[in-house]
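Structure record follows, encoded as structure tokens.
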Amino acid sequence: MSEIINCPRCNAIFMKNKFRDVCDKCYKEEENKYETVYQFLKKRDNRAATMERVIEVTGVDEELLYKWVKKGRIQTRQFPNMGYPCDKCGKIIGTGRICSDCSSELASDLKKFETEQEWKNKSKESAQRTYYTMRDKN
Numbered sequence: 023m024s025e026i027i028n029c030p031r032c033n034a035i036f037m038k039n040k041f042r043d044v045c046d047k048c049y050k051e052e053e054n055k056y057e058t059v060y061q062f063l064k065k066r067d068n069r070a071a072t073m074e075r076v077i078e079v080t081g082v083d084e085e086l087l088y089k090w091v092k093k094g095r096i097q098t099r100q101f102p103n104m105g106y107p108c109d110k111c112g113k114i115i116g117t118g119r120i121c122s123d124c125s126s127e128l129a130s131d132l133k134k135f136e137t138e139q140e141w142k143n144k145s146k147e148s149a150q151r152t153y154y155t156m157r158d159k160n
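Residue numbers (the working numbering): 23 to 160.
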């Protein structure tokens, strides 16, 4: 569904949809920059270029490169040194939202949390099953 918002780059009003997140003018500028980057990367000598090298030669913003890699317009299997930062630690990755290190850290934290919850539940159950009696002292 479309919504009317201001363009994040030039502040013009436009209809945002699932295909475009900038206005038509900025979209055309981005497409021209994409063509420049793609023509640079298409050359056999430049296929292993790093992000810094692409930015230096083409003059394209780092954020635009990240956006194109995330959307799959620049394939990391064709250009292995392209990527975008992990949402958690900032390490450059090629797929997903977080790197493998952060993923395994989150998995271990989740497992630890689940075992703690199980222990708490078991202790509550055992406390509920305990039966106390009052003895008369005569």
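Every residue gets a Cβ at the ideal spot worked out from N, C-alpha and C, and that includes glycine.
If you compare the alpha carbons of Asn39, Ser24, Glu51 and Glu25 with that of Cys32, the shortest gap goes to Glu51. Leaving aside the five residues that flank Cys29 on each side, the residues in its chain whose CB is nearer than 6 Å to its CB run, in chain order, Phe36, Val44, Cys45 and Cys48. Residue environment analysis places Ile27 among the exposed positions, since fewer than 16 neighbouring C-beta atoms fall within 10 angstroms of its C-beta. With a beta-carbon spacing of about 15 Å, Gly112 and Val91 fall beyond the 8 Å limit used to define contacts.
When C-alpha distances from Gly81 are compared across Ser130, Thr58, Asp67 and Gln97, the shortest belongs to Thr58.
Per DSSP, the unbroken alpha helix (DSSP H) holding Phe62 starts and ends at Asp46 to Lys64. Here Ala34 is exposed. Its C-beta has fewer than 16 other C-beta atoms within 10 Å. Its Cα nearest to that of Lys93, the residue Phe41 stands out among Asp67, Phe41 and Glu136. Rounded to the nearest angstrom, the Cβ distance from Ile96 to Lys110 is 22 Å, too far for a contact under 8 Å. Thr98 sits close to Thr117, with the two beta carbons spaced by under 8 Å. Glu25 sits close to Lys38, with the two beta carbons spaced by under 8 Å. At a cut-off of 4 residues, not a single continuous stretch assigned as alpha helix (DSSP H) sits fully inside the stretch 97-128. As computed with DSSP, Asn28 is found in a beta bridge with Ile35.
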